[in-house]
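One structure is given here, and the rest of the page talks about it.
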Amino acid sequence: MTIEFETPKPVENARFLLQTVADNMMRPVSREMDENEHEIPYGYVEFMHTAMKAMGGGSAGSLAPAEEKKSADPNKPKRPSVAYQVLANQLEMLSWGDVGMYLITPGGGLGAAAVQAAGNAEQREKFLARFNGEKPTFAAMCMTEAGAGSDTSAIRTRAVLDEATREWVITGEKIFVTAGDKSFNEHPEFGKGFIVVWASIDPTAGRAGMRSFVVEAGTPGVKVTKLEHKMGIRVSDTASITLDAVRVPFENILGSPTVEKSTTGFKGAMATFDATRPLVAATGIGVARAAFEEVKKMLAEQGVEIRYGLPRQKLSSIERDVIDMEIMLKSAWLLVLKAVWMADNKQPNALESSMSKVKSGDIVTKITQKAVEIMGPLGYSREYLLEKWFRDAKITDIYEGTGQINRLVVARQVLGYSGSELR
Amino acid sequence: MYGFTPTDEQKMLIDTVVRYAKNDLRAAGHDAEEGKALPQKLVSKGWEVGVLQASIPEAYGGFGERSAVTGVLAAEELAFGDLAGALAVMVPSLFVTPVLLMGSEEQKGQWIPPVIEGDWTPYTAALVEKSFDFDPSALKTTAVKEGDSYILNGAKTYVPYADSAKAMVVYASLDGVTKAFIVEAGSGAVVSERIKLMGLNALPLFDVKFEGVKVPASNLLEGDFAPALAAMRVANAALAVGVAKASLEYARDYAKEREVFGVKVAQKQAIAFMMAEMAMEIESMRLLTWEAAWKLDTGAQDAAIEAYLAATGAADMVMMVTDRGVQILGGHGYIRDHPVEKFMREGRGFASFTGLAIV
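In order, the protein sequences belong to chains Z and E. So in the numbering used here the end of the first sequence lands on 407, straight run, no missing numbers. So in the numbering used here the end of the second sequence lands on 943, straight run, no missing numbers.
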């Protein structure tokens, strides 16, 4: 073991490849997609689907690093996995291209991640195979409700087992479902997807009664009622979905169908977040880097050079700002790298994972705000992408646990407090 | 590959440093600050831990190899104990490391072994000058070649142990470029009375004037100053991380004890969130410092810039964290019985401490 920062070869390769995608498939349509909310960039989606299939189905969207290959020679020392490190780098690079478009990368997104994390082998086989099919395919996670955001124990959606038919009957209303439309509604260009719905099988059990269910696209009783109009990431569809006595097969439940007096099921969901938070943080870093690099480039074109190494007293205000932006960007990225490195090395990373998410949410909003400010009328103009990144950035501090929820997680870890000690 | 775990060898060294920092430096820190002196035994004991000796090759009397990464790991822990004590223990490095980085073979052989092989002896360096916009790359102290000598003119400040140092590295502008010169005691440099700062009261610091001080031409260290400056910056960044960690841990322990409205102070989100942010900023600057140090060790092209970013970021971070450390203790934080006010006074200094340490 050692302290080192050499970019691993697989990371370098992944970055090189996706830089091309970002340059050629994302940036050229970034503005157009933002101006025409919910329009689908089929070129990008098709390309990513084909490319990911060619790479052996390692899908950037599925948030599920491939299992480690068994070494042919058992005496050969096993190298630790770098799968999460590669993934974080992929997401950073795609988000540098366009974070909204990254969010509509086919491959299953958080829906597939839920199946991967909480499903059994049979379920994984049944539900995840489709992402390597002919057409790009989507899946979505339905957790948030109008009255239940970060406090998921307040979820009102109910799942009742119909003993006669051995089906779950689910009723409730979900909001903020990323890729809900592409996952559930029929699109001739896309394969048949699914949504993963969080519901209670026993409201008296609180969090212990919370389960997730795979609901196949087109299932009767499910309706996409609304696509949100958002501040940023406009190319990504954010759906409201109602479920009215929706019947799904018994075996579509992820996790145990019985309620024990423990919160292991819920903790499973929360453990998923330990894995995904640094990845969401990585997307924020991508946006921040895009804005930072653009500002430096635009300033350089105006003959403004950043004189590194001078004391603050000798720097211009712009130089100070740019240097502070770079410090934020680099240090936040290192938190992400450490969190995913820990995940790859099977070390518990709840603290690092939440820390990276807090920091990324903080710095991407600050950096993009500064970027718009520094570039003045140009920064605010839709002629450039800076104002778009400012709008795209803010979501980083909100989804996958707001900055405040993640501060709570960090604070509990720092203080050694349980959830009941620090509420 | 990325890696975030010290080597076994580093761990062994750091374990010893941690024990010394906790049991000796921290225990002595308060009285040293109030009494404006560090016990010599304390400093000598820190020297015997051997952090500097382990970074010097055998050829020059040490038993290892220079590693900025090891240096920053040790510096953080030392400063966690007590900043003034940490700086005192590290003072000989101010002399040895520049010679190692910028000196010729002959100079290394001549100047390093006497420092490394002996007990802790004050060999020091003079970099800082008295101007608000002090810039290590545009010094006002000058060196001019005159025959077989250089003539030094100018005024330095924040020079540790200048009154007792056997020799010091003096940084001066030679044709507009910062260069290092070895100046031995008795060369005519004028050392002031001890100077007084907002913090670091335990560390003897002095102004030093050079009025036509003549040094042999062979005392010029020919090497490039940039790597030495970068090594000073990562050292400062690491020390800042150590002070910040000390402040957070003290405030954390206090807040978990202190009752308010029927709960512990730490159970209030207003306080808990402050500490979450402190922990996050400390960790992110620690990692930036590690990366900068690693870049120095591997000779990366952007090592100097990264070191500058780490030092700048860490200076801001330590001010933020130590300010909150005081705030969390409320009125008690302002009382000198608790160390957090001392940490805060030290925290403000990091923007001006370049040149007080090097790894």
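We treat Cβ as the ideally placed atom computed from N, Cα and C, and that holds for glycine. Since the model is a prediction, treat every value here as computed from it, not as a measurement.
Within-8 Å CB hit, residue i to chain Z
i, result
"E:S628", "no"
"E:I598", "no"
"E:E713", "no"
"E:D717", "yes"
"E:M903", "no"
"E:Y604", "no"
"E:E748", "As written in the sequence, residue 748 of chain E is Ser, which differs from the Glu given in the question. Chain Z contact via Cβ: absent."
"E:S721", "yes"
"E:F647", "no"
Rounded straight-line distance, which links the Cα of residue j to that of residue i
i, j, result
"Z:V243", "Z:W182", "15 Å"
"Z:P90", "Z:V271", "20 Å"
"Z:V211", "Z:T162", "First, the residue type needs correcting, since residue 211 of chain Z is Leu and not Val in the sequence shown. The alpha-carbon atoms of Z:L211 and Z:T162 are separated by roughly 10 Å."
"E:I700", "E:P706", "11 Å"
"Z:T121", "Z:R407", "39 Å"
"E:I735", "E:T708", "20 Å"
"E:K625", "E:A821", "27 Å"
"Z:E405", "Z:V180", "32 Å"
"Z:K280", "Z:V306", "8 Å"
"E:K879", "E:M674", "22 Å"
"E:E689", "E:P698", "15 Å"
"Z:A48", "Z:V288", "Only weak support is given to the placement of Z:A48: the predicted model assigns it a pLDDT of 45, under 50, and the value that follows is read from those uncertain coordinates. Approximately 43 Å, taken between the alpha carbons."
"Z:S55", "Z:S65", "Here the model assigns Z:S55 a pLDDT of 46, short of 50, so the residue's position is not dependable and the matter cannot be decided."
"E:V633", "E:M596", "11 Å"
"E:K606", "E:F588", "23 Å"
"E:A876", "Z:K322", "15 Å"
"Z:L2", "Z:A265", "18 Å"
"E:I696", "E:L684", "8 Å"
"Z:N116", "Z:K37", "6 Å"
Residue-chain proximity (residue i, chain E), Cβ-Cβ < 8 Å
i, result
"Z:E23", "no"
"Z:P90", "no"
"Z:Q69", "yes"
"Z:P49", "Reliability fails at Z:P49, whose pLDDT of 47 lies under 50, so the model's placement of it is uncertain and the value that follows must be treated cautiously. No, its Cβ sits nowhere closer than 8 Å to a Cβ of chain E."
"Z:M339", "yes"
"Z:G156", "no"
"Z:R391", "yes"
"Z:K330", "no"
"Z:K350", "no"
"Z:K214", "no"
"Z:K280", "no"
Burial state of residue i, where buried means 16 or more other Cβ atoms lie within 10 Å
i, result
"Z:H213", "exposed"
"E:I919", "exposed"
"Z:N20", "exposed"
"E:M686", "buried"
"Z:A229", "exposed"
"Z:P241", "exposed"
"Z:G239", "buried"
"E:G702", "exposed"
"E:D921", "exposed"
"Z:R63", "exposed"
Per-residue DSSP class, three states only, for residue i
i, result
"Z:N20", "coil"
"E:Y586", "strand"
"E:L913", "helix"
"Z:I217", "coil"
"Z:M127", "coil"
"E:L711", "coil"
"Z:K110", "helix"
"Z:G91", "coil"
"E:A935", "helix"
"Z:E384", "coil"
"Z:S55", "Unreliable positioning characterises Z:S55 in this predicted model, as indicated by a pLDDT of 46, which lies under 50. The coordinate reading is nonetheless provided below. In the structure shown, Z:S55 sits in coil (DSSP, three-state: anything other than H, G, I, E or B)."
Within chain C, partners of residue i - CB distance below 9 Å
i, result
"E:Y838", "Judged by its chain identifiers, the structure shown contains no chain C, and its protein chains are Z and E."
Near the ligand NAP: residue i beta-carbon under 7 Å from a heavy atom
i, result
"Z:L362", "This structure lacks the ligand NAP; in fact it carries no ligand of any kind."
Checklist entry - Touching or not, the region 823 to 833 of chain E and the region 782 to 790 of chain E, by the rule of three or more beta carbon pairs under 8 Å? => result no
Checklist entry - Does the count of Cβ pairs from the region 380 to 387 of chain Z and the region 832 to 847 of chain E closer than 8 Å reach three? => result no
Next on the checklist: Quick check: the region 5 to 20 of chain Z against the region 73 to 86 of chain Z, are at least 3 beta-carbon pairs closer than 8 Å?
Outcome noted: yes
Next on the checklist: Does the region 802 to 819 of chain E come into contact with the region 651 to 666 of chain E, if we say contact requires no fewer than three beta-carbon pairs (one atom in each stretch) closer than 8 Å?
Outcome noted: yes
Next on the checklist: Quick check: the region 290 to 299 of chain Z against the region 716 to 725 of chain E, are at least 3 beta-carbon pairs closer than 8 Å?
Outcome noted: yes
Next on the checklist: Does the region 892 to 908 of chain E come into contact with the region 302 to 318 of chain Z, if we say contact requires no fewer than three beta-carbon pairs (one atom in each stretch) closer than 8 Å?
Outcome noted: yes
Item to check | Three-pair Cβ contact test at 8 Å for the region 766 to 778 of chain E versus the region 749 to 757 of chain E | outcome: yes
Checklist entry - Taking three-plus beta-carbon pairs below 8 Å as touching, is the region 327 to 345 of chain Z in contact with the region 391 to 404 of chain Z? => result yes
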